[in-house]
Amino acid sequence: MNVNEFFKKHNFSQNVCADEMLAEFDRQMDLGLSAAGGSLKMIPAYIDADRAVPTNTPIIVLDAGGTNLRVAVLWFDSCGKVRMEDFKKHPMPGTGSEELDEDSFYNAFAEFLVPVCRRSANVGFCFSYPTEITPDLDGRLLHWTKQVKAPGVVGKMVGAGISRALERINGIKLSVKVLNDTVATLLAGKSAGLSRRYSGYVGFILGTGTNIAYIEDNAAVKKVPGLDPSRKMVINVESGNFDGAPASDFDKAFDASTQDPGVGLFEKMISGAYMGGVGMQMLKMAAQDGLFSKPAADAMLKLENLETKDFDNFVANPFVADGMFENMPLTDDDRRTAMAVGEPLFVRAAGLTAVNIAAAVIRSKTGTDPLHPVCVTVDGSTYYKTRSAFFKSRVEEKLREILGSRGICFDIISVDDAPMVGSGVAGLIS
Ligand code: BGC
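So for the sequence shown, the working numbering puts the first residue at 3; every next one is plus one.
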C-alpha cells in the first residue's frame, strides 16, 4: 500500500474544503448565539471593546493557561505603553500527575496572589477554559479542556472561589474579573494597534488548545435578552469544540484514548496538546499497514505517547536523534515514509486554522476598506513554532486566498504577553 492509498483507507485528507466549512462555522455560530445548541458555545464576554482604558492605574493580572499560571501587576503609562512588575510564573494547578480538589485549586491561586494582593483591589483573570461569564465578569467553568485534573471546579464560579480563598488566608478581598484568553488577546491587539485605525478585531490562540474571539452586534446575541442593541460585545466562540471538520480514523482513535472523548474535536486536530497524539496513531496505523520496514514498524508500535513538539521536529527533520525517535532503527525509506505520512497532518491543521480565523473575520463584517483592515491578533506557541509544512506561512497564504477573494483586508499581529495585557485592559475598563 502507498501513502495515498493509506490515507484513503483511513479517510484522511490534507485538503480542507474552505467554503463548505466556513458555511458550517457560520451556521453553528448563529445556533450558538441563539442558544439553540450546536458545537459552538458562543459565550458572551460582557466586554465592550470600545471603552477607553484608564492610564497609570495598576491592576493585578492572572493568566491561567494549559501549562503555566502567570501573575503580575501591570498598568498603562501616560503614553499608553504597558508596564509590568512582579511577574512570576508557576505551573498551572491541576496539570501535575495528581488530581486537585476544589479547595486546593483555589488555594494555589490565592497563595500566588498573596505577594501582589495589596497593589490593586481588582484582578484581571485570564482563564483559558470554556467558562460561562456573568455580566459582572465572574465565570462558571463549563468543563475542563487541556486534560486538567480538578473535577470539583467544574460548574463553579472561579473568580469568587479564588477571592474567597485569598480572604481566608489574609482577610483581603479582591474583585476578580474573569475573561477568556482569546478575549484578552483581542483586547491586547486593540490596545497595541490603535495607531493603525483598524475597523475590527479578532483574537486567535493556537497553543496547547485553540480558540477565537471576535466582536458581535448585541442585537445578534439572541440568547441574552435586554442587551443594548446599538452596542457590540466580544464573543468567545470556543471554536476548539467545532464538530464540522471531517474526522479520519487517526482522529477517532486518538479521541477515544483521551480523558474526554467527543469533546474538543477541532482542537484535537490542530493544537499543541494533541497533534502529537494524532500523529502517533498515524505512524502506528502506517506500521500496521506495512508502510515501514519490519524493525521500524516494531519500534513505532511500541510508542506510548508522542508530544507534538517531538512529532513536529521529526517530520521536519527525520534525522533528529532525540525525543521519542531516539535509537529507532530507521532506513532512509522509513524516514521518507514518516515525512510523507506526518507532514499532511500539519498541512491539514494549517488549512483548518485559516478557516477558523476567516470564519470570525467574515462574521465581524469589517475590513472592507483597505485603509482600515481587520486586526487579527494571534498568540500561542503552536502557531509560531510549528516547523513542519511551513506552518505559519501556509496559514497566512490560505487566509489571503480565503479573505482576499472576498475583498476583506486583514493584518496579523502579535503582542507580547497578550493574555496578560488584555486581562489588564478588561480589569481596568469593567
Ligand atoms: C479552551 C478555550 C481557550 C483555548 C486556547 C481551549 O482548550 O476551551 O477556552 O481559549 O483552549 O487556550
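Built from N, CA and C at the ideal position, the CB exists for glycine as well. A quick note: this is a predicted structure, and the numbers were derived from the prediction, not measured.
Given residue i, which residues of its chain have a CB within under 6 Å of its CB, disregarding the five upstream and five downstream residues?
i           : result
residue 53  : 431
residue 165 : 176 and 178
residue 313 : 278 and 281
residue 476 : The question about residue 476 has no answer here: the residues shown for the chain are numbered 3 through 432.
residue 221 : 231
residue 27  : 361
residue 185 : 47, 215, 236 and 238
residue 427 : 55, 189 and 193
Closer than 8 Å by C-beta to residue i: which residues in its own chain qualify, once you throw out the five before and the five after it? Chain order, please.
i           : result
residue 209 : 67, 68, 273, 274, 381, 382, 383, 384 and 385
residue 372 : 411
residue 75  : 60, 61, 62, 63, 86, 87, 88, 118, 121 and 122
residue 37  : 224 and 225
residue 376 : 200, 201, 202, 203, 204, 363, 366, 368, 369, 410, 411, 412 and 413
residue 255 : 283 and 287
residue 167 : 105, 108, 109, 111 and 112
residue 395 : none
Residue i by DSSP, collapsed to three states: which one?
i           : result
residue 9   : helix
residue 349 : helix
residue 358 : helix
residue 214 : strand
residue 184 : helix
residue 242 : helix
residue 341 : helix
residue 427 : helix
residue 266 : coil
residue 404 : helix
residue 191 : helix
residue 395 : helix
residue 317 : helix
residue 247 : coil
residue 1   : The structure shown does not extend to residue 1, since the chain spans only 3 to 432, so no value can be given for it.
residue 261 : coil
residue 14  : coil
residue 365 : helix
residue 24  : helix
residue 433 : Missing from the structure shown is residue 433; the chain here goes from 3 to 432 and no further.
residue 304 : coil
residue 309 : coil
residue 324 : coil
residue 274 : coil
Mind reading off the beta-carbon distance from residue i to residue j? Whole number of angstroms is fine, and I expect it under 8 Å.
i           : j           : result
residue 48  : residue 132 : Rounded, the Cβ-Cβ distance is 16 Å, inconsistent with contact.
residue 93  : residue 70  : 7 Å
residue 180 : residue 114 : The Cβ separation is near 16 Å, so there is no contact.
residue 421 : residue 65  : 5 Å
residue 241 : residue 329 : Contact flag wrong, Cβ pair sits at about 39 Å.
residue 31  : residue 24  : Not quite, the Cβ-Cβ distance comes to about 10 Å (not below 8 Å), so this is no contact.
When DSSP builds the beta bridges, which residues end up paired with residue i?
i           : result
residue 177 : 124
residue 381 : 207
residue 287 : Answer is none; residue 287 lacks a bridge partner.
residue 1   : Since the first residue of the chain shown is 3 and the last is 432, residue 1 is not available in this structure.
residue 133 : 143
residue 159 : 142
residue 279 : According to DSSP, which records beta bridges pairwise, residue 279 is partnered with nothing at all.
residue 412 : 376
residue 202 : 376
For residue i, collect the residues of the same chain with a Cβ closer than 7 Å to its Cβ; drop the 5 residues on either side in sequence, then sort them by chain order.
i           : result
residue 433 : Within the shown structure, residues of the chain are numbered from 3 to 432, placing residue 433 beyond reach of any answer.
residue 391 : 345, 348, 349 and 352
residue 169 : 175
residue 336 : 294, 295 and 298
residue 356 : 397, 400, 401 and 404
residue 417 : 190, 191, 194, 379 and 423
residue 261 : 149
residue 263 : 257
Handout entry: Whole runs of the beta strand (DSSP E) within the stretch 38 to 126, excluding any shorter than 3 residues
Key = Taking only runs of at least 3 residues, the beta strand (DSSP E) segments lying wholly in the stretch 38 to 126 are 61 to 66, 70 to 78 and 84 to 93.
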